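Residue 18 in my numbering sits at position 16 of the sequence shown, with consecutive numbering throughout. Yeah, the Cβ is synthetic: ideal placement off N, Cα and C, and Gly gets one too. This one's a predicted model, so the numbers in the text were calculated from it and none came from an experiment. Data first, discussion second: the structure below is written as structure tokens.
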Amino acid sequence: MKSLLLSIIFTFSIHSLSFAEPERSQEEIFMELKTSAEQGSSDSQTHLGSFYLFGLGTEQNPIKALEWYEKAAAQGNPYAQLNLALMYDNGQGIQQDYEKAREWYEKAAEQGDATAQFNLGSMYAKGLGGLQDYAKSRAWYETAGDLGHTQALFNLALMYANGEGVQQDYGKARELYEKAAILGEVRAQLNLALMYHSGQGIQQDYARAREWYEKAAAQGVAVAQFNLGSMYVKGQGVQEDAATAKEMFGSACENGLQEGCNAYRILND
3 MKSLLLSIIF TFSIHSLSFA EPERSQEEIF MELKTSAEQG SSDSQTHLGS
53 FYLFGLGTEQ NPIKALEWYE KAAAQGNPYA QLNLALMYDN GQGIQQDYEK
103 AREWYEKAAE QGDATAQFNL GSMYAKGLGG LQDYAKSRAW YETAGDLGHT
153 QALFNLALMY ANGEGVQQDY GKARELYEKA AILGEVRAQL NLALMYHSGQ
203 GIQQDYARAR EWYEKAAAQG VAVAQFNLGS MYVKGQGVQE DAATAKEMFG
253 SACENGLQEG CNAYRILND
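What follows is the structure in structure tokens.
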């Protein structure tokens, strides 16, 4: 996932560059960036690093990418700092180094980059690049969550649900799952539905369970589809409806859940 994040950051940068001058070739953009980067522009240095990293307009060269990211990062460019951290974290074209990854995540995180804050929180949670520290992990997840980072909200909810580094608090977990779920985090939608369905640490509420199962099911989550089908079979928070149950079980089966296939066959008998 972290590799994907690097690609997303880079893709956004390229779209920004090419939108203004769509007729220019990658080679022409590369040369212009190189000139500007050599004159000290940290933004151009960051873009140039990405051109080298992905081999656009020039031969792919992770070492030169690293060098240009470092120049921009030394000037305080948070995108360069984040991309440096991602390279070290993933060992993308260079030797993997969690300690350096953590160092650069921290610099970008302190400048307000939510992705860096989330990844830093994850490193503290796992003890990568240094000591494990749940308190710092929680703090960075909270900071990223305040900026709307859905994965940070989800991980923070898990910490409270499991009592990992914090006192177990299902109410707080539900609150955080809901924030992430509203923003479209499918795992949060599923876990929130499961909490309402089972009444785990909160008031059981079939109507809300169904609501969140439906949202997760619409995103193709087989477990949500299966559980929603079960609710229609049992009439939990809904009218019993064999046809809808069969549809849900069929969807779960198509998405690889064997229990869905079994239930679908039973309803067909």
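**Message:** Taking the alpha carbon of A87 as the reference point, which residue from R104, Q205, A141 and L149 has its own alpha carbon closest?
**Reply:** R104
**Prompt:** What is the rounded straight-line gap between the Cα of G147 and the Cα of L269?
**Reply:** 43 Å
**Message:** Give me the residue from R189, L158, A74 and R212 with the minimum Cα distance to V240.
**Reply:** R212
**Of the listed residues L133, E180, L84 and D171, nearest to G150 (C-alpha basis)** = E180
**Request:** Provide the residue span of the alpha helix (DSSP H) that contains H199, from first to last.
**Result:** V188 to S200
**Prompt:** Where are the beta strand (DSSP E) runs, 3 residues long or more, that stay fully inside the segment 16-89, in chain order?
**Reply:** none
**Prompt:** In angstroms, rounded to a whole number, what distance separates the CA positions of E40 and K128?
**Reply:** 39 Å
**Prompt:** DSSP on I184, reduced to helix/strand/coil?
**Reply:** helix
**Prompt:** Hey, quick one: how far does the alpha helix (DSSP H) through Q260 stretch, first residue to last?
**Reply:** Q260 to N270
**Request:** Measure the alpha-carbon distance for K66 versus Y54 and round it to whole angstroms.
**Result:** 6 Å
**Inter-residue Cα distance where the pair is S52 and K217** = 36 Å
**Request:** Would you kindly work out how many angstroms separate the C-alpha atoms of K138 and T246, rounded to a whole number?
**Result:** 46 Å
**Asked** By how many angstroms is the C-alpha of M197 removed from the C-alpha of E256?
**Response** 25 Å
**Message:** So, at 6 Å on beta carbons, what are the nonlocal neighbours of A226 in its own chain, with the 5 sequence-adjacent residues on each side left out?
**Reply:** L192, Y215, A218 and A219
**Prompt:** Assuming Y172 contacts A163 under a Cβ cut-off of 8 Å, what Cβ separation, rounded to an integer in Å, is found between them?
**Reply:** 7 Å
**Message:** Helix, strand or coil for D91? Go by DSSP, reduced to three states.
**Reply:** Helix at D91.
**Request:** Determine the DSSP secondary structure at V223, reduced to helix, strand or coil.
**Result:** coil
**Closer than 8 Å: Q227 CB and nearest the ligand FMN heavy atom** = Absence of the ligand FMN from the depicted structure is noted, as is the absence of any ligand whatsoever, leaving it without description.
**Item:** Proximity winner among M33, G252, L178 and M233, relative to L58 (alpha-carbon distances)
**Value:** Distances from the CA of L58 to each of M33, G252, L178 and M233 were compared; the closest alpha carbon is that of M33.
**Message:** Helix, strand or coil for V168? Go by DSSP, reduced to three states.
**Reply:** If DSSP states are grouped into helix, strand and coil, V168 belongs with coil.
**Prompt:** Skipping 5 residues on each side, what residues in its chain have a beta carbon closer than 6 Å to that of Q90?
**Reply:** Reading off the sequence shown, one finds Tyr at residue 90, where the question assumed Gln. Shown here for Y90: same chain residues with a beta carbon closer than 6 Å to its own, the five before and five after excluded, namely D99, K102 and A103 in chain order.
**Prompt:** Mapping DSSP to helix, strand and coil, what is G2?
**Reply:** The chain is shown only over 3 to 271; residue 2 falls outside these bounds and no answer can be derived.
**Message:** For D135 and Q47, what's the separation of their Cα atoms in angstroms?
**Reply:** 34 Å
**Residues near Y234 by beta carbon distance below 7 Å, same chain, minus five either side** = In its chain, beyond the 5 residues on either side, V240, E242, D243, T246, A247 and M250 have a beta carbon closer than 7 Å to the beta carbon of Y234.
**Message:** So the candidates are I96, T145, G93 and A224; which of them puts its Cα closest to the Cα of A118?
**Reply:** With distances taken between CA atoms, A118 lies nearest to T145 out of I96, T145, G93 and A224.
**Prompt:** Relative to the C-alpha of N121, which residue among Q97, A154, Q113 and L133 is closest?
**Reply:** A154
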